[in-house]
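Enquirer: For any residue, its number in our numbering is found by taking its place in the sequence shown, counting from 1, and adding 482. Think of the CB as a built atom: it goes at the ideal place given N, C-alpha and C, for glycine as much as any other residue. Please read these numbers as outputs of a predicted model, since none were measured by experiment. Below is the structure I would like to discuss, written out as structure tokens.
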Amino acid sequence: MSVSVTRMRCSVAALALTLAAVALAGCGSSASPATGAAPNADRAAAAQGVSSDVNLDQCGKATRTIKHDLGTTTITGNPTRVVALEYSFVDALVSVGMSPVGVADDDKPERIIPGIRSKMGEYKSVGLRATPNIQVITALKPDLILAETGRHKAIYDQLSKIAPTVAFPSLNGNYQQVVDSEMSTAIALNKCDQMKTRLAEHEKVMAELKAKVPTDDERKAMFVVTSDKGFTGFPPKSYTAGVLKLLGIDSPLSDEGGDASVSLTLETLVATKPDSMFIAGWTDKTLAETWAKSPLWKEVPAVKNNATYKVDQNIWSRSRGLLASELIAQQAIENLYGK
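Quick look at the structure:
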């Protein structure tokens, strides 16, 4: 194959283990105090990196009203049996020291990245993320369901009859929306303090990684996913491109359109002129493999620059959580600049 591939380094695993230890230590030492132990104003202290419209004023209340994309949901007490219908919500649970009883894992548990899976207990698969099995969810008797705004809008009423359900963007959510959904999930779980600890650590990790990116580097990097039929690019408003943008690594794609992803032809890829590319999903049966045999492929600046990198689709595309963001940032920097 004519494209060069930079191997992911073993330090990824080290980072995941370090973050796991920090997160667990934080969770163990900052359990949410009982309602009434402190004024709500204290509980509503800003969480790092969270938007102002996240209803932090509900933190610590015995009964909490959670605002989300599909309405408002009232939750009383501390949910313990939680079903997560997207991988990013699993990250949110693990970040506050919890484990889901059910996960829409597409019947492929290996898609849950190791740094998350190692901190989970046993769970029941509830099927596909796009079409979770309602009967299996019901049988689990959850006291909270975490749904995805776009995927589960049509079944939201059904889910709400099973258990209190909150819905946040993940599939087409951007980086900020993912961070906000993690905090909102923690409010629903009555785990505000634990999530604030995790978000503070996340902010520190991302700042340290950003400091490694040269401020005068003007190269454009693009994240794409390839399959047997397509080659999809992700503009700046998308989750992964947003993580790279946070580091100071810009995308060559325009953010003018309303879509979170764009389908690319080989001709438009050449015209887009990415200086480097992170490519997920590449196998010998994908469109990228076919394109790599074309003379036109060699006209892409990233190919000319020997700067095309295969990356793990589970980390770079599917997970969309705090840990995934940190791993994406680390891998991007190591590939572009070395250790």
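#1: Around the Cβ of residue 643, are there at least 16 other Cβ atoms within 10 angstroms (buried) or fewer (exposed)?
#2: Under a Cβ-count criterion, where at least 16 other Cβ atoms within 10 Å of its own Cβ denotes burial, should residue 573 be classed as buried or exposed?
#3: Determine whether the beta carbon atoms of residue 769 and residue 598 lie at a separation below 9 Å.
#4: Measure the beta-carbon distance from residue 585 to residue 624 and round it to whole angstroms, keeping in mind my assumption that it falls under 8 Å.
#5: Quick test of the definition: if touching needs 3 or more C-beta pairs under 8 Å, does the region 633-643 touch the region 658-667?
#6: So residue 792 is in the beta strand (DSSP E); what residue range does that whole segment cover?
#7: Per DSSP, which residues does residue 626 bridge with? Please list them.
#8: Where does the unbroken beta strand (DSSP E) through residue 648 begin, and where does it stop?
#9: Between which two residues does the beta strand (DSSP E) holding residue 684 run?
#10: Here's a check: name, in chain order, each residue in its chain whose Cβ is nearer than 7 Å to the Cβ of residue 755, leaving out the five neighbours to either side.
#11: Can you tell me which of the three DSSP states residue 558 falls into?
#12: If you drop the 5 nearest sequence neighbours on each side, which residues of the same chain put their C-beta closer than 6 Å to that of residue 529?
#13: Which residues does DSSP pair with residue 716 in a beta bridge?
#14: What residue ranges within the region 692-756 form continuous alpha helix (DSSP H) runs of no fewer than 4 residues, ordered along the chain?
#15: Please report how far the alpha carbon of residue 592 lies from the alpha carbon of residue 629, in whole angstroms.
Expert: With the structure as the only source:
#1: It counts as exposed.
#2: buried
#3: Residue 769 is not a Cβ neighbour of residue 598, given a cutoff of 9 Å.
#4: Going by Cβ atoms, the distance from residue 585 to residue 624 rounds to 11 Å, so no, they are not a contact pair.
#5: no
#6: 790-793
#7: 564
#8: 647-650
#9: Unbroken run through residue 684 is the alpha helix (DSSP H), 674-692; no beta strand (DSSP E).
#10: 734 and 783
#11: strand
#12: 665, 678 and 681
#13: According to DSSP, which records beta bridges pairwise, residue 716 is partnered with nothing at all.
#14: Fully enclosed alpha helix (DSSP H) runs of 4 or longer: 721-729 and 748-754.
#15: 21 Å
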